[in-house]
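The sequence shown: position 10 = 10 (the UniProt record's numbering), numbered continuously.
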Amino acid sequence: MLNKYGRIKCDPSYTQRLFSFFIILSSTDWWIVLNFFFPISLILSLFLYS
1 MLNKYGRIKC DPSYTQRLFS FFIILSSTDW WIVLNFFFPI SLILSLFLYS
(Lines of atoms letter the chains of each structure in order from A and count residues from 1; the text may use other names and numbers.)
(Lines give C-alpha, C1' and ligand atoms only; values in the text may rest on other atoms or scores of the structure.)
Protein backbone atom coordinates (compact mmCIF):
# COMPACT_ATOMS: atom_id res chain seq x y z
CA MET A 1 0.00 0.00 0.00
CA LEU A 2 2.71 2.50 0.96
CA ASN A 3 4.84 1.68 -2.08
CA LYS A 4 1.87 2.04 -4.43
CA TYR A 5 0.86 5.31 -2.78
CA GLY A 6 4.42 6.62 -2.99
CA ARG A 7 4.58 5.64 -6.63
CA ILE A 8 1.32 7.45 -7.39
CA LYS A 9 2.52 10.42 -5.35
CA CYS A 10 5.85 10.58 -7.26
CA ASP A 11 4.19 10.20 -10.68
CA PRO A 12 2.95 13.81 -11.20
CA SER A 13 6.32 15.38 -10.38
CA TYR A 14 8.03 12.96 -12.79
CA THR A 15 5.62 13.87 -15.61
CA GLN A 16 6.07 17.57 -14.80
CA ARG A 17 9.84 17.15 -15.09
CA LEU A 18 9.42 15.44 -18.46
CA PHE A 19 7.11 18.20 -19.72
CA SER A 20 9.45 20.95 -18.52
CA PHE A 21 12.39 19.08 -20.08
CA PHE A 22 10.62 18.90 -23.47
CA ILE A 23 9.61 22.57 -23.21
CA ILE A 24 13.24 23.51 -22.52
CA LEU A 25 14.37 21.35 -25.46
CA SER A 26 11.87 22.95 -27.82
CA SER A 27 12.67 26.50 -26.67
CA THR A 28 16.48 26.27 -26.70
CA ASP A 29 18.96 25.42 -29.44
CA TRP A 30 20.29 21.88 -29.63
CA TRP A 31 23.89 23.08 -29.40
CA ILE A 32 23.26 24.66 -26.00
CA VAL A 33 21.66 21.45 -24.77
CA LEU A 34 24.52 19.34 -26.12
CA ASN A 35 27.15 21.66 -24.63
CA PHE A 36 25.30 21.49 -21.31
CA PHE A 37 24.81 17.71 -21.12
CA PHE A 38 28.03 16.50 -22.76
CA PRO A 39 30.37 17.57 -19.89
CA ILE A 40 27.91 16.20 -17.33
CA SER A 41 27.87 12.83 -19.11
CA LEU A 42 31.68 12.87 -19.26
CA ILE A 43 31.92 13.59 -15.53
CA LEU A 44 29.34 10.89 -14.76
CA SER A 45 31.22 8.36 -16.89
CA LEU A 46 34.47 9.27 -15.11
CA PHE A 47 32.82 8.74 -11.72
CA LEU A 48 31.26 5.44 -12.81
CA TYR A 49 34.41 3.94 -14.33
CA SER A 50 36.84 5.13 -11.65
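Glycine residues also receive a C-beta, built at the ideal position from the N, C-alpha and C atoms.
Contact set for residue i: own chain, Cβ-Cβ below 7 angstroms, skip 5 residues either direction
i     : result
Ser50 : none
Backbone CA spacing between residue i and residue j [nearest angstrom]
i     : j     : result
Leu44 : Ile23 : 24 angstroms
Leu18 : Ser41 : 19 angstroms
Leu34 : Leu25 : 10 angstroms
Leu48 : Phe37 : 16 angstroms
Ile32 : Leu46 : 22 angstroms
Same chain, Cβ closer than 8 angstroms to residue i, five either side skipped, listed in chain order
i     : result
Leu15 : Correcting the residue type first, residue 15 is Thr in the shown sequence and not Leu. Counting only Cβ-Cβ distances below 8 angstroms, and skipping sequence neighbours, we find nothing.
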